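Chemist: In the UniProt record's numbering, the protein residues as written are 494 to 768.
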Ligand code: C2E
Ligand code: CA
Ligand code: CA
Ligand code: CA
């Protein structure tokens with residue numbers, strides 16, 4: 494068994510070792526990234542389904558690595574979560590997003606993603622208040638986005654943090670709905686004021702009528718709770734029309750724009766799209 498184990502090890506070693514080295518290097522660089530000012534927040538427009546005017550933006554974090562260029566959050570957020578760096582990175586993102594949002598017109602809101610790891614930090618509500626105060630931003634203009642994974646670990650602690658954030662007047666959206674363990678039981682209106690239907694689900698509705706029926710049911714339930722519903726990942730005019738007809742209030746996706754640096758949002762805030 495020993496020699497077989499060794500054979501297996503040798504067979505897989507080069508790639509695994511390379512991945513591990515890579516991860517160690519990225520982790521090392523990530524520790525320096527905040528003080529080296531390598532993060533940028535980009536913003537993707539969220540548009541009203543009825544007026545097609547820009548109602549807000551989702552803040553999406555970018556890491557501009559000195560040698561590797563832009564690194565996707567799908568790569569570095571999990572590392573930030575595992576190492577605990579997400580606390581500082583998340584606080585920086587929150588402050589940056591509030592500061593930027595304060596330069597948009599009053600009716601334009603900003604949504605910031607928050608990891609489950611941040612939600613077990615009892616200091617989060619204070620960090621939110623501080624970021625709002627520093628930017629002089631009204632709490633109602635900020636929204637946090639969390640995924641249902643908050644229900645999978647330390648449920649009580651996280652839900653308590655979310656309730657405290659809501660009591661400040663900040664909205665909470667349940668992100669990526671329709672993926673993973675999505676359960677209608679998670680649509681707790683005392684915590685969530687909004688629901689975001691995942692892009693994979695939205696695009697699947699173009700191919701499968703069952704998906705359309707499920708979205709129809711989700712929209713009816715969310716409406717009965719007076720939640721606002723966003724369709725994410727809308728890429729085509731057909732997706733947009735389908736989601737509008739299904740009753741989604743807000744639309745987000747490449748059809749209306751990719752995430753852009755703050756400077757480029759200023760030309761979008763007064764814009765009304767036409768399709
Ligand atoms: P998410 O919160 O579900 O964000 C939506 C993702 O879908 C973004 O990817 C966005 O660029 C992409 N997207 C938007 N419209 C379309 C479309 O029409 N088609 C397709 N195919 N994709 C679209 P991005 O920016 O790479 O972010 C990936 C994930 O990383 C986010 O998923 C979020 O979970 C996480 N993330 C990003 N920024 C932060 C952050 O500041 N904090 C935390 N904790 N997580 C973040
Ligand atoms: Ca999100
Ligand atoms: Ca999402
Ligand atoms: Ca996602």
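The beta-carbon is built from N, C-alpha and C at its ideal position, and this holds for glycine as well. Bear in mind the structure is a predicted one, so any value in this text is a computation, not a measurement.
By the DSSP assignment, the beta strand (DSSP E) with residue 745 in it spans what residues?
Modeler: Counted from its first residue, the chain shown places residue 745 at position 252. Where residue 745 is concerned, the enclosing beta strand (DSSP E) stretches over 743-745.
Chemist: Since residue 637 and residue 665 should fall inside the 8 Å C-beta cutoff, what is the C-beta to C-beta distance between them, to a whole number of angstroms?
Modeler: For the purposes of this step, residue 637 is taken as the residue at position 144 of the chain shown. For the purposes of this step, residue 665 is taken as the residue at position 172 of the chain shown. The pair is a contact, with the Cβ atoms about 5 Å apart (cut-off 8 Å).
Chemist: Can you give the Cα-Cα distance for residue 529 and residue 734, rounded to whole angstroms?
Modeler: Numbered from its first residue, the chain shown carries residue 529 at position 36. Numbered from its first residue, the chain shown carries residue 734 at position 241. Looking at the two C-alpha atoms, the distance is approximately 44 Å.
Chemist: Listed by chain order, which residues have C-beta atoms less than 6 Å from any heavy atom of ligand 3?
Modeler: In chain order, the qualifying residues are 668, 669, 689, 691, 725.
Chemist: For the beta strand (DSSP E) that residue 716 lies in, which residues bound it at each end?
Modeler: In the chain shown, the residue the question calls residue 716 occupies position 223. No beta strand (DSSP E) contains residue 716, which is instead part of the alpha helix (DSSP H) from 702-717.
Chemist: Indicate, with yes or no, if ligand 1 has a heavy atom lying under 7 Å from the CB of residue 641.
Modeler: Taking the chain shown and counting its residues from 1, the one referred to as residue 641 is at position 148. No, ligand 1 has no heavy atom inside 7 Å of this Cβ.
Chemist: Suppose contacts are defined by Cβ-Cβ distances below 8 Å. Is residue 684 in contact with residue 659 by that definition?
Modeler: Here residue 684 refers to the residue found at position 191 of the chain shown. Here residue 659 refers to the residue found at position 166 of the chain shown. In contact: residue 684 and residue 659 (Cβ atoms closer than 8 Å).
Chemist: Beta carbon of residue 748, beta carbon of residue 727: below 8 Å?
Modeler: Position 255 of the chain shown holds residue 748. Position 234 of the chain shown holds residue 727. In this structure, residue 727 lies closer than 8 Å to residue 748 by Cβ.
Chemist: With a threshold of 7 Å (Cβ to nearest heavy atom), would residue 584 be considered close to ligand 2?
Modeler: Here residue 584 refers to the residue found at position 91 when the chain shown is read from its first residue. Not under cutoff, so the answer is no.
Chemist: Does the beta carbon of residue 551 fall short of 7 Å from some heavy atom of ligand 2?
Modeler: Locating residue 551 in the chain shown gives position 58, counting from the first residue. Result yes, Cβ under 7 Å from ligand 2.
Chemist: Indicate the three-state DSSP secondary structure (helix, strand or coil) for residue 681 in the structure shown.
Modeler: Translated into positions along the chain shown, residue 681 becomes position 188. Coil, per DSSP.
Chemist: Within 10 angstroms of its Cβ, does residue 755 collect 16 or more other Cβ (buried), or is it exposed?
Modeler: Mapped onto the chain shown, residue 755 falls at position 262. Buried, since its Cβ has 16 or more Cβ neighbours within 10 Å.
Chemist: For residue 581, I'd like the list of residues in its chain whose CB is within less than 8 Å of its CB, leaving aside the five on either flank, ordered along the chain.
Modeler: One-based indexing of the chain shown puts residue 581 at position 88. So the qualifying residues of the chain are 527.
Chemist: Quick one: does the C-beta of residue 716 sit closer than 7 Å to a heavy atom of ligand 2?
Modeler: Translated into positions along the chain shown, residue 716 becomes position 223. False, no ligand heavy atom lies under 7 Å from that Cβ.
Chemist: Heavy atom of ligand 1 less than 7 Å from the Cβ of residue 745, yes or no?
Modeler: Here residue 745 refers to the residue found at position 252 when the chain shown is read from its first residue. Checking the Cβ of residue 745 against ligand 1 gives yes.
Chemist: Relative to ligand 2, is the shortest distance from any of its heavy atoms to the C-beta of residue 636 smaller than 7 Å?
Modeler: Your numbering for residue 636 matches position 143 in the chain shown. Every heavy atom of ligand 2 is 7 Å or more from the Cβ of residue 636, so no.
Chemist: Okay, do the stretch 574-590 and the stretch 614-622 touch, 3+ Cβ pairs below 8 Å being the bar?
Modeler: Yes, the stretch 574-590 is in contact with the stretch 614-622.
Chemist: Label residue 681 either buried or exposed according to how many other C-beta atoms from any shown protein chain fall within 10 Å of its C-beta, with 16 as the threshold for buried.
Modeler: For the purposes of this step, residue 681 is taken as residue 188 along the chain shown, with counting starting at 1. The residue in question, residue 681, is exposed, as its Cβ has fewer than 16 Cβ neighbours within 10 Å.
Chemist: Which of the three DSSP states is assigned to residue 530 in this structure?
Modeler: Residue mapping note: residue 530 aligns to position 37 of the chain shown, counting from 1. Coil.
Chemist: Does the beta carbon of residue 681 fall short of 7 Å from some heavy atom of ligand 2?
Modeler: On the chain shown, residue 681 is found 188 positions in, with the first residue counted as 1. It does not: the Cβ of residue 681 is nowhere closer than 7 Å to a heavy atom of ligand 2.
Chemist: Check whether the stretch 590-602 and the stretch 567-579 touch, using three or more Cβ-Cβ pairs below 8 Å as the test.
Modeler: Segments in contact, no.
Chemist: Along the chain, where does the beta strand (DSSP E) containing residue 780 start, and where does it finish?
Modeler: In the structure as shown, the chain starts at 494 and stops at 768, and residue 780 therefore has no counterpart that could be examined.
Chemist: Please list, in chain order, all residues of the same chain as residue 750 whose beta carbon is under 8 Å from its beta carbon, the five residues on each side excluded.
Modeler: The count along the chain shown starts at 1 and reaches residue 750 at position 257. Same-chain partners within the cutoff: 537, 538, 761.
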